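For the sequence shown, counting from 1, position 6 maps to 6 in full-length UniProt numbering; every step adds exactly one. Glycine included, each C-beta is placed from N, C-alpha and C at the ideal position. All values derive from a computational prediction rather than experimental measurement. Let me begin by presenting the structure, written as structure tokens, before commenting on it.
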Amino acid sequence: MRRHICLFEDDFTCFKNFTFEYLQPLLVLFVLLSLIQKIFNHPTVILEPPLTQIYSSETVTVRCEIQESDGSHWMFIMSSAKLEPPSTSEYRISRATESHSGEYKCCTFTLCGDIITLTVSFLLSHHSPGWGRG
1 MRRHICLFED DFTCFKNFTF EYLQPLLVLF VLLSLIQKIF NHPTVILEPP LTQIYSSETV
61 TVRCEIQESD GSHWMFIMSS AKLEPPSTSE YRISRATESH SGEYKCCTFT LCGDIITLTV
121 SFLLSHHSPG WGRG
């Protein structure tokens with residue numbers, strides 16, 4: 001059975017004699033490949049040290065990893081804490097401040113991974129002037 005695919009209702013945008021028999025297996029293959037990519041090549045955020053809550057002035061590294069990678073996947077870190085995400089697969093935060101708090105996720109060109117929320121809390125020093133005064 002032959003059908004036409006039309007983008008608009010005119011002859012110019014119609015693909016005549018298009019067979020859906022060829023489209024269906026390709027569509028199924030595309031969906032299966034997309035699912036396999038999401039399952040096995042899922043970009044993941046790794047925190048070192050593996051803590052989602054740190055204190056100000058501490059250091060943390062945010063890194064992207066992907067399973068089954070040969071190193072050819074281009075990955076980057078997206079952050080709600082910064083206006084421009086670092087264009088690298090590893091981001092080292094030295095002397096963290098509360099402004100580094102936010103959501104971090106790793107992305108490839110086709111897929112983003114799960115979000116990790118990093119919270120940087122202000123730490124009062126026990127050596128602050130006036131500490132312990134009544």
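Contact belief for T97 with V120 at Cβ below 8 Å, rounded distance in angstroms: V120 and T97 do touch by the CB rule: their CB atoms are close to 6 Å apart, below 8 Å.
Continuous beta strand (DSSP E) assignments of at least 3 residues falling wholly in the segment 89-132: Here the runs fully enclosed are 90-93, 102-107, 116-121.
Cβ-Cβ distance between I66 and P43 below 9 Å: At a Cβ-Cβ threshold of 9 Å, I66 and P43 count as neighbours.
List the residues that DSSP assigns as beta-bridge partners of T44. Answer is E65, bridged to T44.
Pull up the CB-CB distance for V45 and K105, whole angstroms please, since I reckon it's below 8 Å. Between K105 and V45 the Cβ distance is about 6 Å, and since that is below 8 Å, they are a contact.
With DSSP as the reference, identify every bridge partner of Q53, one or two as the case may be. According to DSSP, Q53 bridges with T119.
Taking the Cβ atom as the reference point for each residue, do S89 and F76 lie within a distance shorter than 9 Å? Here S89 is near F76, since their CB atoms are less than 9 Å apart.
Rounding to the nearest angstrom, what Cα-Cα distance links V28 and I115 in this structure? Straight-line Cα distance between these residues: approximately 29 Å.
For the beta strand (DSSP E) containing M78, list its first residue and its last residue. Element bounds for M78: 76-79.
Is the beta carbon of S57 less than 9 Å from the beta carbon of L118? Taking 9 Å as the cut-off, the beta carbon of S57 is found no closer than this to the beta carbon of L118.
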